[in-house]
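**Student:** One structure is given below, represented as C-alpha cells, and several questions about it will come after.
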Amino acid sequence: MISIEEYRTIVSELLDELPEAFFRELSGGVIVSEALVIPDYARGNDLFAMGQYQVFSGVRQIVLFKGSFDRAYPQADAAQAREILRGVLRHEFRHHMEYLGGVHNSSSLEAEDEREKQAYLSLHAKESSR
C-alpha cells in the first residue's frame with residue numbers, strides 16, 4: 042500500500058500533465074481525502090468511490106478518496122497507482138468539462154456512470170434472487 046504522501050505526490054505529478062484549460066472554474070481545486078467512500082447504492086463492500094466531482098454553493102472541485110483506493114487496490118505499487126489515478130483524475134475532469142459545457146445527454150459521462158450503476162444493481166438483483 043502506498044503512503045498518503047506518495048499518493049499526494051503522484052496526484053500532483055498527474056495534475057501537471059493536464060492542460061491549464063482543464064482547471065478553468067475549478068475553484069475548489071483537487072482535494073485528496075483519506076476517506077473510504079462506499080456509494081449509497083452499493084450492495085455490500087464491493088464498490089468504492091475513487092473520486093467525485095462536486096458542485097456546491099458555486100464551488101467546483103474534485104475529491105480523490107485515498108481510503109477507497111487502498112481498499113480497492115491494497116497491493117498497488119507506485120507505478121500501478123499512477124496509472125489507476127490517471128484514469129480516475131481524467132474521469133473526474135471529464136465530468137468538470139462536461140458540466141462547464143452543459144453536456145447532459147445520453148453520451149455524457151454522467152449518463153455513462155448511470156448506465157454502469159444500473160448494470161451493477163441489475164447484476165446484484167439477479168444474484169440475490171438466486
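The letter at position 101 of the sequence shown is residue 142 when you use our numbering, and the numbering goes up by one with no holes. C-beta atoms are modelled at their ideal positions from N, C-alpha and C, and glycine is treated no differently. Keep in mind that this is a model prediction, so the values were computed, not measured.
If distances are taken between C-alpha atoms only, which option among P60, L126, E168 comes closest to H49?
**Tutor:** Residue mapping note: residue 49 aligns to position 8 of the sequence shown, counting from 1. The question names His, but residue 49 is Arg in the sequence shown. Checked all of P60, L126, E168; the closest Cα to R49 is L126.
**Student:** To which residues of the same chain is M42 closer than 8 angstroms at the C-beta, ignoring the five residues directly before and after it?
**Tutor:** As a first step, residue 42 must be located in the sequence shown, where it is residue number 1. Correct list, in chain order: D111, P115, Q116, A117.
**Student:** Among the residues of its own chain, which have a CB less than 8 angstroms from the CB of L56, if the five just before and after it don't count?
**Tutor:** Within the sequence shown, residue 56 is the residue found at index 15, counting from 1. Counting only Cβ-Cβ distances below 8 angstroms, and skipping sequence neighbours, we find V71, L130.
**Student:** Who pairs with I125 in a beta bridge, going by DSSP?
**Tutor:** Position 84 of the sequence shown, counted from the first residue, corresponds to residue 125. DSSP lists no partner for I125.
**Student:** S148 to I45, Cα distance in whole Å?
**Tutor:** Stepping through the sequence shown from its first residue, residue 148 is reached at position 107. Stepping through the sequence shown from its first residue, residue 45 is reached at position 4. Rounded to the nearest angstrom, the two C-alpha atoms are 35 angstroms apart.
**Student:** If contacts are defined as beta-carbon pairs under 8 angstroms, then A119 and E47 qualify, I think. What distance do you get, rounded to the angstrom?
**Tutor:** Within the sequence shown, numbered from 1, the residue matching residue 119 stands at position 78. Within the sequence shown, numbered from 1, the residue matching residue 47 stands at position 6. Their Cβ separation, rounded to whole angstroms, is 6 angstroms, which keeps A119 and E47 in contact under 8 angstroms.
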